[in-house]
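Residue numbers (this note's numbering): 207 to 532.
Here a beta-carbon is modelled for each residue, glycine too, at the ideal position from N, C-alpha and C.
Just so it is clear, the structure is predicted and the values come from calculations on it, not from any experiment.
Please read the structure below before turning to the comments.
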Amino acid sequence: MWAKSLDISRRFAAAATLAALAVTASPALAQLKSVEIMAPANPGGGYDQHARAMQQVMQELNLATGVQVVNVPGAGGTIGLSQFVTGKKRGNGLMITGLGMIGATLINKSPVSLEQVTPLARLTGEYQPIIVSAESPLKTMDDLVAKFKADPGSVSWGGFAVGSPDHILYALIVKAVGGDVSKMNYIAAGAGGEMLAAVMGGHITVVTGGYNEFAAQLKEGKLRALAISSPERLPGIDVPTLKEQGVDVELVNWRAVVASGDIKQADLKTLDGAMGKMVASPQWKAIAAERGWVDSYLPAKDFAGFLQDEQTRIKSVLDELGLLKK
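Laid out in structure tokens, this is it:
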């Protein structure tokens, strides 16, 4: 049931195919100026990587000039969301968001929500590995599960923020193996360098996030991946799935970009066209392939419907996992 409720990856392929058919030759787009992309997290994490990939490709394709990335970390992205919703806009303001921000707004009881922004484009999906230090005695998911069942408090589960896809993935794993989610020792370890330092220093038992966040250290032998949340093994990544090891869970973390809630329709049309050009470009496809991002592009109108449904779905999941305070 849980795998089915969270397995949106198969829908990505069909949606991406339909979206690709829509990204056909079109009149040249007006060049955007003064584009500021907010990454609501510290440098190095998935939000930041998407913001900087957008910056690079938009400038290379001459879709925009003066593209700047700003980082506003905190509370699972909700501090950035609050600033984006209430702050004074400068030029064409955009913000990276994703599955995790839905959970963060609900768990943190954020005074602002994604209802107050304009959906622009769903961009990618990413499967998540379960990572330990190379020195860890844990070699497989069986080892991790046995350690948790023997002493739940002995396992610290490190992730981006409370309510993030990291948190949801761990809760699904614990539930799938018959554990008690309420006894899970979840540590909001941040993203990027913070999380790497925590697991490599032995301060946290396991961490998770986008595969690319750990790829260099995995290649160097400083970290070890116990499993990955994909439905089947990924090309070029020699990591067994959770399902292979008897844990019936899969999860794909989608990421997207939104615009201001009060954007004019003419400006939205221009930005929507720019996103379509960007994701169809060889430059974007090369970055996505390098980082292991699944193409899940949806244009503004389709993404708006998806986001509405996704907010309802995630609230239900968090409720059933007992992660929402009454």
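* Asked: Does at least one heavy atom of the ligand MG sit under 7 Å from the Cβ of G251?
  -> No copy of the ligand MG occurs in the structure displayed, which carries no ligand at all.
* Can you tell me the Cα-Cα spacing of A480 and V273, whole angstroms? -> If you number the sequence shown from 1, residue 480 lands on position 274. If you number the sequence shown from 1, residue 273 lands on position 67. Cα-Cα distance, rounded: 13 Å.
* Asked: Quick one: any contact between the region 427-434 and the region 326-339, if contact means 3 or more CB pairs under 8 Å?
  -> yes
* **Which of helix, strand or coil DSSP assigns to T271** => Looking up residue 271 in the sequence shown gives position 65. Strand at T271.
* To do: Starting from T447, follow its DSSP beta bridges and name the residues at the other end.
  => Residue numbering aside, residue 447 sits at position 241 when the sequence shown is read from its first letter. Paired residue(s): I434.
* For T271, is the classification buried or exposed, using 16 other Cβ atoms within 10 angstroms of its Cβ as the cut-off for buried? -> Counting from one through the sequence shown, the residue named residue 271 turns up at place 65. Around the CB of T271, fewer than 16 other CB atoms lie within 10 Å, so the residue is classed as exposed.
* Asked: Hey, is the region 394-404 in contact with the region 354-369, meaning 3+ C-beta pairs nearer than 8 Å?
  -> yes
* To do: Specify, as a first and last residue, the run of the alpha helix (DSSP H) that L287 falls within.
  => To locate residue 287, count along the sequence shown from 1; it is residue 81. Its alpha helix (DSSP H) spans residues 284-292.
* Please state whether DSSP places I379 in a helix, a strand or coil. => Walking along the sequence shown from the start, residue 379 turns up at place 173. Here I379 sits in helix by DSSP.
* Asked: At what residues does the alpha helix (DSSP H) containing E516 begin and finish?
  -> Numbered from 1 along the sequence shown, position 310 holds the residue referred to as residue 516. Counting along the chain, the alpha helix (DSSP H) containing E516 begins and ends at 506-526.
* To do: Label D525 either buried or exposed according to how many other C-beta atoms from any shown protein chain fall within 10 Å of its C-beta, with 16 as the threshold for buried.
  => Along the sequence shown, read from residue 1 onward, the residue named residue 525 stands at position 319. Burial call: exposed.
* For L350, the first and last residue of its enclosing beta strand (DSSP E) -> Position 144 of the sequence shown holds residue 350. Unbroken run through L350 is the alpha helix (DSSP H), 347-356; no beta strand (DSSP E).
* Tell me, which residues are paired with R328 by DSSP? -> As a position in the sequence shown, residue 328 is number 122, starting the count at 1. Per DSSP, A462, L504.
* Asked: Which partner residues of E242 appear in the DSSP bridge assignment?
  -> In the sequence shown, residue 242 corresponds to position 36, counting from 1. Its beta-bridge partners are Q274, G299.
* Asked: Rounded to a whole number of angstroms, what is the C-alpha to C-alpha distance between V412 and L238?
  -> The residue labelled residue 412 in the question sits at position 206 within the sequence shown. The residue labelled residue 238 in the question sits at position 32 within the sequence shown. One C-alpha to the other measures close to 42 Å.
* To do: Can you say whether G282 is buried or exposed, counting buried as having 16 or more other CB atoms within 10 angstroms of its CB?
  => Locating residue 282 in the sequence shown gives position 76, where the first residue counts as 1. Buried: at least 16 other Cβ atoms inside 10 Å.
* **Cβ neighbours of S316 in the same chain (closer than 6 Å, five flanking residues each side left out)** => On the sequence shown, residue 316 is found 110 positions in, with the first residue counted as 1. So the list reads T284, once near-sequence residues are dropped.
* **Neighbourhood of A404 by C-beta distance below 6 Å, restricted to the same chain and skipping five residues each side** => Within the sequence shown, numbered from 1, the residue matching residue 404 stands at position 198. Cβ neighbours of A404 beyond the five flanking positions: G364, A395, I410.
* To do: Report all residues from its chain with a CB closer than 6 Å to the CB of Y376; omit the five preceding and five following residues, and keep chain order.
  => Residue mapping note: residue 376 aligns to position 170 of the sequence shown, counting from 1. Closer than 6 Å at the Cβ level, and outside the excluded window around Y376, lie W363.
* Check the DSSP bridge columns for T414 and list the partner residues they point to. => Position 208 of the sequence shown holds residue 414. Paired residue(s): I336.
* To do: Tell me whether I469 sits in a helix, a strand or coil according to DSSP, three-state version.
  => Looking up residue 469 in the sequence shown gives position 263. Coil at I469, not helix or strand.
* Taking all protein chains shown into account, do 16 or more other C-beta atoms lie within 10 angstroms of the C-beta of Q471, making it buried, or fewer, making it exposed? -> Here residue 471 corresponds to residue number 265 of the sequence shown, with the count starting at 1. By the neighbour-count rule (16 or more Cβ atoms within 10 Å), Q471 is not buried but exposed.
* Is the beta carbon of V455 sitting closer than 8 Å to the one on I379? -> Taking the first residue of the sequence shown as 1, we reach residue 455 at position 249. Taking the first residue of the sequence shown as 1, we reach residue 379 at position 173. Contact: yes.
* Asked: Helix or strand or just coil, what does DSSP make of A394?
  -> One-based indexing of the sequence shown puts residue 394 at position 188. A394: strand per DSSP, three-state reduction.
* Should G384 and F354 be called a contact, given that it needs their Cβ atoms to be closer than 8 Å? -> Here residue 384 corresponds to residue number 178 of the sequence shown, with the count starting at 1. Here residue 354 corresponds to residue number 148 of the sequence shown, with the count starting at 1. For G384 and F354, no; Cβs fall outside 8 Å.
* Asked: E242: which of G286, G280, G251 sits nearest, CA to CA?
  -> Numbered from its first residue, the sequence shown carries residue 242 at position 36. Checking every option, the nearest Cα to that of E242 belongs to G286.
* Where the alpha helix (DSSP H) through W490 begins and ends -> The sequence position of residue 490 within the sequence shown is 284, counting from 1. 488-497 is the extent of the alpha helix (DSSP H) around W490.
* Return no unless some Cβ of chain B is closer than 8 Å to the Cβ of T292. => The question asks about chain B, but that chain is absent: this structure has only one protein chain.
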